[in-house]
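Under full-length UniProt numbering, read the sequence shown as residues 1 to 540, first letter to last.
Just so it is clear, CB atoms sit at the ideal spot from N, CA and C, and this is done for glycine as well.
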Amino acid sequence: MQFMLVANSGYIRRKVMESERANLGCIDLSDVPGGAEVFEKAAKFCYGMNFEISVHNVTALRCAAEYLQMTEDYSRGNLAERAEEFINQAAVKTLPGAVALLRSCEGSLLPMAEEVRIVQRSVDAISLKAFNEANIPTRSPPDWWAGELAALAPASLQKILSAMKSRGVAPKSLAAAVVVYAEKSLAELLPLSSGAPASNHSGDARIRQCGLLESLVHVLPPHPDAPLPVGFICCLLRAALFVEASAACRQELEQRASASLEQATVADLLTVSLDYSGERIVDLDSARRIVASFAEREAGGGGGALYGGGGGVACCSAAVQKVARTVDGFVGEIATDEELSVSKFAGIAGALPKSARRFDDDLYRAVDIYLKAHPGLAEIEREKVCSVMDPLKLSYEARLHASQNKRLPLQIVLHALYYDQLKLRSGIDGEAAAGALGVTLGRDEGLKADVSLIRENETLRSELAKMKMYVSELQRGGGGGGGEGSGVKIGSKKTSFFSSVSRTLGKLNPFKQGSKDTSNIDDGVGVDVTKPRRRRFSIS
């Protein structure tokens, strides 16, 4: 055996000569790529013994041939040439073969496989075939080629995506490849059914999943190159939270979700916040950071999309308003949770500035749901909850409901009543308010009647309370001249209806001092809580 190996291997020839001079009885070949199994095949090749060359072992044979110097320089038709012939004529001719070849390069063989350009040739073959399939599919489903890539490591996937981009593959195809790869390689963390529970792995399995997920997130292509669906990003973020991935991994996913938040749905934000069963809230901080990051980016680089002149209403972009509606819907979904703290609710609902919404009706609905689910809140806590919305940006129907809503703190009710009073007075004066509010009031007589009825009821209650107090004072004083005094006092208070309303509400003007400071309320950070069943909000 030694003679044939010496004839075909320049490395062994040199080692034999060195060992003879040093009187050594053996040669150390422990560093041969592929180990003893591959060296055995190399020895069989030298003696003409048959063995199978496949896409799974050809990389190891080619690397071993390079290490042992079994090239044309020492023997014609040597092992290196035979391996090269198989690679060029068989391995890279099909997409599955090229993928298997590239996968065999991963691990300890990678440095030498890159040196003999097996990695580069595999990547080129895969990217070319994927490019052709993406443009003109030959099989069904059209993205079958993306599923073939799931067998590769994330680092290999990154090489392929870069090569595909250089060939001009559409960003949509690159994104599809990433999604299919993740769904197959992380099937246990990305269940197809949103309500399916994740596998309860621990120990080594959890570490393996975490490492694979972090590697995938690290090699994700930039957003312009492959715009990944925001729902997919949210699923990755939930998986990252589940396996306790690194902070850098979670932050990267949060930034990507924030960049695509305009396309997000309420279900996407719930995916981030709920566990795999969809019943327990496990994380709200990520959702808050995603929304806050979106707001910061719009304020800083959106040309004043959030913080502009005119009160912010006219400056709101369509994207900001769409995100605001999504956030309001999300807050309404989680508001029913009895364990949701005031600070958590306010943090999510207030993540966007108030100028992001034209009307606060959806946000008011979420606030009312929260107050209904948390009846034991103190007045200052209810004011903290209501501070996320602007009562003056409610529609007429919402203000009408708010003015009769006993769950709201008095300060918010007064906001609604005072605003309607100002609108009604402007409509009566006519010339003082010729704008849109006056036009609306002039067209809708029913609105005037409803608002007048509300104010009249409030005024009657106030006057009745004053009368009871006056009668009580008379009774305590003995009531000697009470009749005359009563007549004088009552007569002196006769005023017009609207003057009484103005004076009564003017004293309680919510725009004056009197609002409580709720900024320091912090009722703790909630842990895992049970999410009640979803139900349609109804005004009651």
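Keeping to the same chain, check which residues put their C-beta closer than 8 angstroms to that of S286; ignore five residues upstream and five downstream.
L237, L241, R250, E254, V272 and S273
Helix, strand or coil at L410 [DSSP, three-state]
helix
Could you give the residue range of the alpha helix (DSSP H) that holds F330?
A318 to I334
Can you check which of these residues, P353, Q475, R399 and L340, is closest to K372 by C-alpha distance?
L340
Neighbourhood of V327 by C-beta distance below 8 angstroms, restricted to the same chain and skipping five residues each side
Same-chain partners within the cutoff: L269, V291, I348, A349, A351 and L352.
With DSSP as the reference, label I136 as helix, strand or coil.
coil
According to the Cβ coordinates, are L189 and Q209 closer than 7 angstroms?
yes
What residue from T336, S472, E20 and A226 has the CA that sits closest to R280's CA?
T336
In three-state DSSP terms, what is I207?
helix
Got a sec? Which residues, its chain only, sit under 7 angstroms from V92 by beta carbon, not counting five neighbours each side?
A98, L101, R121, S122 and A125
Counted within 10 angstroms of its Cβ, other Cβ atoms place K41 as buried (16 or more) or exposed
buried
Continuous alpha helix (DSSP H) stretch holding I369: start and end
D361 to A373
Between P229 and R62, what straight-line distance do the alpha-carbon atoms span, to the nearest angstrom?
41 angstroms
Measuring CA to CA, which of Q69, R256, C316 and G34 is closest to K15?
Minimum Cα distance to K15 is reached at Q69.
When we look at the beta-carbon of T59 and count the other beta-carbons within 10 Å, is it buried (16 or more) or exposed?
buried
Just how far apart, CA to CA, sit V527 and V282?
Below a pLDDT of 50, predicted positions are generally treated as unreliable, and V527, at 38, falls in that range; no measurement from the model is reported.
Hey, quick one: how far does the alpha helix (DSSP H) through H56 stretch, first residue to last?
From DSSP, H56 is part of no alpha helix (DSSP H); its letter is neither H nor E.
What three-state label does DSSP hand G34 in the structure shown?
Residue state, collapsed to three classes: coil.
Ignoring anything shorter than 3 residues or poking outside the stretch 69–115, list the beta strand (DSSP E) runs there in chain order.
Runs of the beta strand (DSSP E) inside the stretch 69–115: none found.
Where the alpha helix (DSSP H) through R117 begins and ends:
From DSSP, R117 is part of no alpha helix (DSSP H); its letter is neither H nor E.
Can you tell me whether DSSP reads G248 as helix, strand or coil?
First, the residue type needs correcting, since residue 248 is Ala and not Gly in the sequence shown. In this structure, A248 counts as helix in the three-state DSSP scheme.
Using a 10 Å radius around the Cβ and a threshold of 16 neighbouring Cβ atoms, would you call E18 buried or exposed?
exposed
For a test of the three-state rule: what should DSSP assign to H223, helix, strand or coil?
Under the three-state reduction of DSSP output, H223 falls in the coil class, being neither helix nor strand.
Do H374 and P391 count as a contact pair if the criterion is CB distance below 7 angstroms?
no
What residue range does the alpha helix (DSSP H) around S185 cover?
That run of the alpha helix (DSSP H) goes P171 to S185.
Among F330, L377 and E383, which has the Cα closest to the Cα of L363?
F330
Taking three-plus beta-carbon pairs below 8 angstroms as touching, is the stretch 76–89 in contact with the stretch 128–142?
Touching, no.
Give me, in chain order, the residues of the same chain whose beta-carbon lies closer than 8 angstroms to that of I27; leave out the 5 immediate sequence neighbours on both sides.
For I27, where only same-chain residues beyond five positions count, the Cβ hits under 8 angstroms are I12, K15, V16 and S19.
Three-way DSSP call (helix, strand, coil) for E484 in this model
Note on E484: pLDDT 43, under 50, position unreliable in the model; the coordinate value appears next. Looking at E484 - three-state DSSP - the assignment turns out to be helix.
Find out if the Cβ-Cβ distance for the pair V180, A146 is shorter than 7 angstroms.
Taking 7 angstroms as the Cβ cut-off, V180 and A146 qualify as a contacting pair.
Have a look at A151, A170, F232 and M112 and flag the residue whose alpha-carbon is nearest the alpha-carbon of F131.
Considering only alpha carbons, the answer is A170.
Suppose contacts are defined by Cβ-Cβ distances below 7 angstroms. Is V388 in contact with S403 by that definition?
no
Neighbourhood of L29 by C-beta, 7 angstroms cutoff - its chain only, sequence neighbours within 5 removed:
F39
Between the alpha carbons of W144 and A259, how many angstroms are there, rounded?
29 angstroms
Three-state class that DSSP yields for P300 in the structure shown
At residue 300 the sequence reads Gly, which differs from the Pro that was named. In the structure shown, G300 sits in a helix (DSSP, three-state: H, G or I).
Roughly how many angstroms lie between the CA atoms of L157 and G203, to the nearest whole one?
26 angstroms
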